[in-house]
Each structure stands twice: as structure tokens, then as C-alpha cells.
Amino acid sequence: DANLDRVPDDYRRRQTLKNSERYYTPELKEREEEIVGAAERADALEYELFVDVRDRVAEETERIQGLADAIAALDALRSLATVAVERDYVRPEIVADPDSAPDAGVEIEGGRHPVVERAEASFVPNDADLPCGSIAVITGPNMSGKSTYMRSIALAVVLAQTGSFVPAQAASIPVFDRVFTRVGASDDIAGGQSTFMREMSELTEILHDAGPDSLVLLDEVGRGTATTDGRAIARAAAEFIHDELGATALFATHYHDLTDLAAERERAFNLHFTATREDGDVTFLHRVVPGASSSSYGVEVAELAGVPAPVVERSRDLVAAETGDAEAGRTESGAPDAVGPEGGAPDDGGEAGDASLREFLAEEEGHDTAGDADGDDGDSADSGQDRESERAPAEPAADLTAALRDLDLARMTPIEALNALHDLQSRVDDDG
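When we follow full-length UniProt numbering, the leftmost residue of the sequence shown carries the number 1, and every step to the right adds one.
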């Protein structure tokens with residue numbers, strides 16, 4: 001290199017490149033060592049300080065944890081107190097020993113759901129009177145408030161036993177050892193469980209673990225399988241809870257024949273949510289009253305959800321065919337529909353229908369006998385042509401009478417009865 005002779009004597013070669021040389025001085029080397037050493041010393045000092053803090057905290061761990069627990073409890077109590085004041089909660093009466101009070105149970109006046117009431121402009125409060133060891137079978141239309149009602153009772157129980165005020169006007173609540181719930185519908189794909197299998201697994205845990213001091217909430221048990229099987233499982237579970245477990249239970253269902261439990265079991269009773277129908281429009285009142293409901297208004301709820309009109313109309317036709325009441329499915333006709341006990345729900349008409357049929361047959365037999373008698377008395381006066389003209393319409397009537405006698409109404413389904421009636425009507429039309 002042409003400039004190599006110009007390099008000072010105290011420079012130290014660091015690197016040789018193709019067209020140059022790199023050097024460093026002793027001073028630069030010293031600064032480098034100081035910088036590298038400073039970083040290492042900083043790391044060492046940082047770790048030393050960390051160890052010191054760690055050791056001091058370890059010495060005060062018990063006191064710090066106690067302080068944290070106290071702050072957490074204070075925060076929770078302050079939150080509960082704030083909510084109670086702002087949302088008009090009431091102090092519940094706690095029945096510590098329900099056995100000492102024969103009439104003890106969940107008694108709530110004007111109960112509300114603490115979350116739902118904030119989301120809705122006008123929440124309808126409901127009362128609850130649930131004696132210990134009883135089972136309430138809750139029926140009513142879809143969207144009427146059955147699930148919200150059950151959850152509000154369970155939340156009131158939990159809040160009361162945590163020392164909180166409850167969302168109600170007045171409340172008396174016994175002490176429960178556990179609260180069991182089976183609500184909603186969801187599967188477990190990862191676990192290989194269908195919706196019904198998961199429902200049955202949760203029901204199994206409840207039936208095994210619940211006891212006389214437990215509160216049980218069951219929402220539409222058995223809906224995940226065939227109607228016959230689901231209804232049987234729901235009824236058997238309700239009977240087991242009542243007869244064997246003795247737990248206090250709320251049982252919401254759309255299987256309306258489960259309401260028979262109130263007549264068959266001493267501690268069972270019915271509740272239902274009311275609805276009104278006017279000009280084909282259903283209004284849900286969200287009010288719970290004693291007694292059983294007769295309709296779930298599933299088609300009306302489907303219409304409210306925006307299901308296409310052809311599907312809704314076809315659903316109404318199918319419901320009308322199943323119930324044997326063609327007018328029940330037509331809202332545009334303006335005919336009254338069954339709305340539950342408060343609206344004068346019609347009976348199933350089984351015995352009444354049989355009685356009407358017997359009266360009709362007796363009347364037909366009377367007409368036939370009278371006709372025969374008249375024919376005998378008038379043989380000498382009436383011509384053969386007159387007798388033939390009277391006998392002609394009597395023969396189809398006799399056939400219809402025989403066909404009606406052959407019907408086994410006790411074993412016919414509604415759709416079979418409707419088809420049989422249609423056939424008889426067609427025969428009458430054909431005979432003119």
C-alpha cells in the first residue's frame with residue numbers, strides 16, 4: 001500500500017482488506033473494554049437489585065396476600081352496595097334452617113333478572129313462591145320468559161347467599177347447599193358429544209349429586225331427541241327429582257302433558273306464562289300465573305323471527321291438520337284461537353266427540369226406524385214409485401251410519417280422524 005508508511009507507530013492493525021487496512025489505537029481499545037464491561041456490570045447490578053426486592057417481598061408475602069384479599073373483598077362489597085342502591089335491590093331474609101319452618105321456601109315479590117332488566121326498556125317483574133322440596137312445572141309460549149324467570153330465581157339465591165341484596169321488592173330465601181342448572185343447547189364436537197348426549201350427561205350429574213337441600217333448574221329437558229323419547233325422559237326425571245331426591249326444582253318444558261304431575265304428585269304444581277292473541281297477532285305478557293298453558297306459539301315466533309311466509313303458512317296448515325282444527329292455523333280468518341287457560345282453551349274433545357257421535361247415530365237410527373214404520377203403514381195408500389223414491393236416499397244414509405260406527409275414535413290420530421271425515425264428506429257430495 002502506498003500510504004502504509006504514514007501509519008503511526010502506536011496504531012495496531014485490526015483487519016486487512018483488498019484495498020485497505022484497518023487499525024485501532026490503544027485508547028479506542030480501552031474505551032471498548034469499558035463499554036462492554038459497563039453492560040455486564042449493569043446486568044449484574046440489575047439482577048442484584050431484583051434478588052433484593054424478591055427477598056423482601058418473600059418476607060412480607062403473608063401480609064401482602066392478606067391485604068390483597070381485604071382489598072378484593074372491599075371492592076366486591078362496594079360494588080354490590082353500589083348496585084343495590086342504584087337499582088333498587090332489597091335485603092333478603094335468610095332462612096338458615098328450613099326444616100324448622102314448615103312453610104319455608106323461595107318467596108320473592110317482584111323479582112327481576114339483574115342483567116336482562118338493564119338491557120330492556122320495560123322489564124316485567126314476577127313473583128315466586130317455591131316451597132322447599134317442591135317442583136314447579138313451567139309451561140308457556142316461546143319467548144314468554146320461562147328461562148329468564150328461572151335464572152332470576154337462581155341468581156337471587158346466589159346473591160343472597162353471598163351476602164348481597166337481591167333485585168326484588170321483597171325476598172325470603174332458604175340456604176341451599178348447591179344450585180344445579182341444565183339450560184341451553186350446545187354440542188361438544190371436540191369431545192365427540194352431540195347436543196342430546198351432552199344434555200343427558202349434565203342431567204346425569206344432577207340426578208346423582210342433587211339432594212334435599214339443592215336447587216335444580218331444568219330447561220326443556222328431552223328436546224334434543226324424538227318427541228316420544230324426550231317426553232318420557234323429561235317426565236321420568238321430574239318424577240325422580242320429586243320422589244327420590246326431594247330437591248327444590250324449576251322444570252320448564254313444552255311437553256304440556258307433564259302438567260299432569262300437579263295432580264299426581266303432592267309437591268308438584270303448575271305455572272305458566274300468559275299470552276294474548278288478537279286478530280292473529282300474539283302478544284307475550286311475560287307474566288307468570290298459576291296453572292298450565294295449552295300452546296307454545298312456535299309458528300308465531302317463527303313468523304316474528306322472519307321465516308319466509310310460505311314456510312309459516314305451510315306450518316300453520318300442518319298444525320291445523322295435526323290438531324284437527326282447520327281454523328286454528330289461519331290468522332287471517334279472524335277466528336279465535338286457543339291461548340291457554342286464561343283465554344278459554346278448548347278441551348281435546350275426545351269424550352265430547354264420542355258422545356256427539358253416539359247421539360248422531362241414535363238420531364239416524366231413529367230416522368231409519370220411523371221411515372220403516374211409515375212405509376209399513378202406507379203400503380195400501382202409497383204407490384210403488386213413491387216407496388222407491390223414499391228408499392233411494394235412505395240407503396246412502398245407512399251406509400254413512402255404518403261407516404261412522406266402524407270408526408274407532410279412541411285409537412285414531414287427529415290426522416286420521418280428519419282424513420276419515422273428509423272421506424265421509426266426499427261420499428255425501430257424490431250422493432248429491
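Idealized CB from N, CA, C, for every residue including glycine. Since we're looking at a predicted model, the values are computed, not measured.
Contact check, residue i vs residue j, beta carbons under 7 Å
i, j, result
"Ala-154", "Val-183", "no"
"Asn-126", "Val-288", "yes"
"Val-90", "Ala-170", "yes"
"Phe-196", "Thr-225", "yes"
"Ser-152", "Gly-111", "yes"
"Arg-267", "Gly-133", "yes"
"Thr-248", "Leu-271", "no"
"Asp-15", "Arg-6", "Looking at the sequence provided, one finds Gln at residue 15 rather than Asp. Going by C-beta atoms, Gln-15 is not nearer than 7 Å to Arg-6."
"Arg-259", "Ala-292", "A small correction: the amino acid at residue 259 is Thr; Arg does not occupy that position in the sequence shown. It is a contact, given that the beta carbons lie within the stated cut-off."
"Val-106", "Ala-128", "yes"
Euclidean distance between Cα positions of residue i and residue j
i, j, result
"Glu-244", "Pro-131", "17 Å"
"Tyr-24", "Arg-13", "7 Å"
"Ile-173", "Val-157", "7 Å"
"Asp-399", "Leu-418", "19 Å"
"Asp-69", "Val-53", "22 Å"
"Leu-218", "Ala-236", "13 Å"
"Glu-46", "Glu-120", "56 Å"
"Lys-18", "Asp-10", "23 Å"
"Glu-60", "Leu-67", "11 Å"
"Ala-403", "Val-319", "27 Å"
"Glu-390", "Ala-397", "Any answer about Glu-390 is weak, because its pLDDT of 46 lies below 50 and its placement is not dependable; what the coordinates show is given next. Roughly 12 Å between the two C-alpha positions."
"Arg-265", "Thr-283", "32 Å"
"Ser-194", "Thr-181", "19 Å"
"Leu-304", "Leu-421", "34 Å"
"Glu-48", "Ala-73", "35 Å"
"Glu-278", "Ile-71", "56 Å"
Counted within 10 angstroms of its Cβ, other Cβ atoms place residue i as buried (16 or more) or exposed
i, result
"Ile-415", "exposed"
"Arg-427", "exposed"
"Phe-50", "exposed"
"Ile-206", "buried"
"Leu-4", "exposed"
"Ile-241", "buried"
"Gly-230", "buried"
"Ser-296", "buried"
Residues near residue i by beta carbon distance below 8 Å, same chain, minus five either side
i, result
"Val-95", "Ala-101, Ala-104, Ser-172, Ile-173, Pro-174, Val-175"
"Asp-177", "Gly-211, Asp-213, Ser-214"
CB-CB length for residue i against residue j, believed under 8 Å
i, j, result
"Phe-269", "Gly-140", "Phe-269 to Gly-140, Cβ: 15 Å. No contact."
"Pro-92", "Ala-160", "4 Å"
"Arg-87", "Pro-212", "So it is not a contact: roughly 33 Å between Cβ atoms."
"Ser-201", "His-256", "The pair is not a contact, with the Cβ atoms about 27 Å apart (cut-off 8 Å)."
"Thr-162", "Val-116", "The Cβ separation is near 20 Å, so there is no contact."
"Ala-252", "Met-150", "6 Å"
Same chain, Cβ closer than 6 Å to residue i, neighbours up to 5 away in sequence not counted
i, result
"residue 452", "No answer is possible for residue 452: it lies beyond the span of the chain, which begins at 1 and ends at 432."
"Val-301", "Asn-142, Met-143"
"Asp-408", "none"
Cutoff 7 Å; reference residue i; Cβ partners in own chain excluding five residues on either side
i, result
"Glu-220", "Ala-252, Thr-253, His-254"
"Gly-344", "No answer about Gly-344 holds up, because its pLDDT of 38 lies below 50 and its placement is not dependable."
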